[in-house]
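Step one of this worksheet: look at the structure below.
Number of protein chains: 2
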Amino acid sequence: MNYKINFNSTFANRGMGLENDINETNKYYNKYNIALIYKKPTPIRISKVDYKNMKITDGFFEAPSTLDYNGIYKGKYIEFDAKETKNKTSFPISNIHRHQIDYVRKLLEHQGIVFLIIRFSSLNKDYLLRGEDLISFLNLEDRKSIPIDYFKEKGYLLELRYAPRLDYLKIVDKYLL
Amino acid sequence: MNYKINFNSTFANRGMGLENDINETNKYYNKYNIALIYKKPTPIRISKVDYKNMKITDGFFEAPSTLDYNGIYKGKYIEFDAKETKNKTSFPISNIHRHQIDYVRKLLEHQGIVFLIIRFSSLNKDYLLRGEDLISFLNLEDRKSIPIDYFKEKGYLLELRYAPRLDYLKIVDKYLL
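Structure representation (structure tokens):
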């Protein structure tokens, strides 16, 4: 099924490479007891159930109002989202839903560790951007995209490695705790 | 849809009263900016998608391997499950999947705030039992159920109120932080 989504649907294909890298990383963290971080199930609205066989026969994908990954690291609550763009000069803010931005604000008020991982796939570069820096950009700038220079200045470059694939907790340890 | 599940299916009906009380409580916490705690979506395995309309035409409910609710409170990671029993003298351990018990152990290792809320519906009593006390019972006793006396001794009685309905964070504040 994953296979099918991966290759047949441009909708589901967005961000699949990054998603796989993060899932591999989270498996590594789990295996070596470093952190417990999971991708949330895609929110689905179920409209028809065959109760006899406990099968869903009709349902819809819903727009997410929270971020995609959450979990626990050193007792702390962590939540983040991962997005890919082919754009070479900026990250279009339309990739993040308005509800998700409100939610980032709330998580920060509650002292959560919140960030985005943005893959500039044409540049082969992955940046971690703290939730605080996302919000201050949106508060100050009236733009439809975040220029790559902002990531260079405020973000943290992630290195793609063998294992863990994308060691974002190293950045969390150094700069976000 | 909730209405339909609630009355037509004994499968989905289990624990619905307690679930509603907890959802109401979480809404209250969210509204007054006390904590952000959500019920996780039921894990579903999607087996057929109508890509043209982005509709799910075949899917199955999966057994959960984590607990039902998680979120953030004062920067800390919190996760818990809620179960109802009509039994008056004990809580059958079969209500908790083996994977879930392993997961409770892991969350405790990572310094999560973990607990169960058990409703003894025939007694009109709700107990909060810390994950630590659940695990020590399972480590010491070779029984198929946890006697109510264990809840009386180790658990914390929750009071049903108008708002918040079931103020479990009061207990967390006092005894689990």
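Those protein sequences? They're chains V and X, same order as listed.
The first sequence begins at 531 in this note's numbering and counts up by one.
The second sequence begins at 531 in this note's numbering and counts up by one.
All C-beta atoms in this analysis are idealised placements derived from N, C-alpha and C, irrespective of residue type, glycine included.
Worksheet entry | Proximal chain V residues relative to E549/X, where beta-carbon distance stays under 7 Å | Along the second sequence, read from residue 1 onward, the residue named residue 549/X stands at position 19. Residues of chain V passing the Cβ test: none, with the nearest at roughly 16 Å.
Item to complete: Report yes or no: is there a C-beta of chain X within less than 8 Å of the C-beta of R544/V?
Response: Taking the first residue of the first sequence as 1, we reach residue 544/V at position 14. With a pLDDT of 44 at R544/V, under the threshold of 50, the predicted position of this residue should be treated as unreliable, though the coordinate-derived value follows. No, R544/V lies away from the interface with chain X (no Cβ there is under 8 Å from its Cβ).
Discussion item. Just to make sure I have the definition right: I need the residues of chain V whose C-beta is within less than 8 Å of the C-beta of A565/X. Which are they?
Written reply: Residue mapping note: residue 565/X aligns to position 35 of the second sequence, counting from 1. What A565/X touches in chain V: H640.
Item to complete: For L664/V, go through chain X and note every residue whose CB falls closer than 8 Å to its CB, in chain order.
Response: The residue you call residue 664/V lines up with position 134 of the first sequence. The contacting residues do not exist; L664/V stays about 18 Å from chain X at best.
Worksheet item: Closest Cβ-Cβ distance between I648/V and chain X: below 8 Å?
Response: By one-based count along the first sequence, residue 648/V stands at place 118. Not an interface residue.
Worksheet item: On the three-state DSSP scale, how would you describe R575/X?
Response: Sequence index remark: in the second sequence, residue 575/X carries index 45 (1-based). Three-state result, R575/X: strand.
Worksheet item: Are there 16 or more other CB atoms within 10 angstroms of the CB of Y633/V, so buried, or fewer, so exposed?
Response: Stepping through the first sequence from its first residue, residue 633/V is reached at position 103. Burial call: buried.
Worksheet item: If contact means a Cβ-Cβ distance below 8 Å, which residues of the stretch 584-595 of chain V contact chain X?
Response: Against chain X - using a Cβ distance shorter than 8 Å - the residues of the stretch 584-595 of chain V are M584, K585, I586, T587, D588, G589, F590, F591.
Discussion item. Could you tell me the alpha carbon to alpha carbon distance between T641/V and K585/X, rounded to whole angstroms?
Written reply: Your numbering for residue 641/V matches position 111 in the first sequence. Your numbering for residue 585/X matches position 55 in the second sequence. The sequence given here has Gln at residue 641/V, not Thr. Roughly 37 Å separates the two Cα atoms.
Worksheet item: For E614/X, which option in E662/X, I574/X, P573/X, E549/X has the closest C-alpha, if you only look at C-alpha atoms?
Response: Here residue 614/X is taken as the residue at index 84 of the second sequence, counted from 1. When each option's Cα is compared against that of E614/X, the closest is E549/X.
Worksheet item: Counting contacts by CB-CB distance shorter than 8 Å, is P694/X in contact with chain V?
Response: Translated into the one-based positions of the second sequence, residue 694/X becomes position 164. No - not a single Cβ of chain V is within 8 Å of the one on P694/X.
Discussion item. Please classify A565/X as buried or exposed, where buried requires at least 16 other C-beta atoms within 10 Å of its C-beta.
Written reply: By 1-based counting over the second sequence, the position of residue 565/X is 35. Looking at its Cβ environment, which holds 16 or more other Cβ atoms inside 10 Å, A565/X is buried.
Discussion item. Does D611/V come out as helix, strand or coil in the three-state DSSP assignment?
Written reply: As a working note, residue 611/V is residue 81 in the first sequence. Reduced to three states, the DSSP call for D611/V is strand.
Discussion item. For Y558/V and K569/V, I'd like the C-alpha separation in whole angstroms.
Written reply: Residue numbering aside, residue 558/V sits at position 28 when the first sequence is read from its first letter. Residue numbering aside, residue 569/V sits at position 39 when the first sequence is read from its first letter. Here the alpha carbon of Y558/V sits roughly 14 Å from the alpha carbon of K569/V.
Discussion item. So that I know if they touch, is there some Cβ in chain V lying closer than 8 Å to that of K604/X?
Written reply: The residue you call residue 604/X lines up with position 74 of the second sequence. For K604/X, the answer is yes, since a Cβ of chain V falls inside 8 Å of its Cβ.
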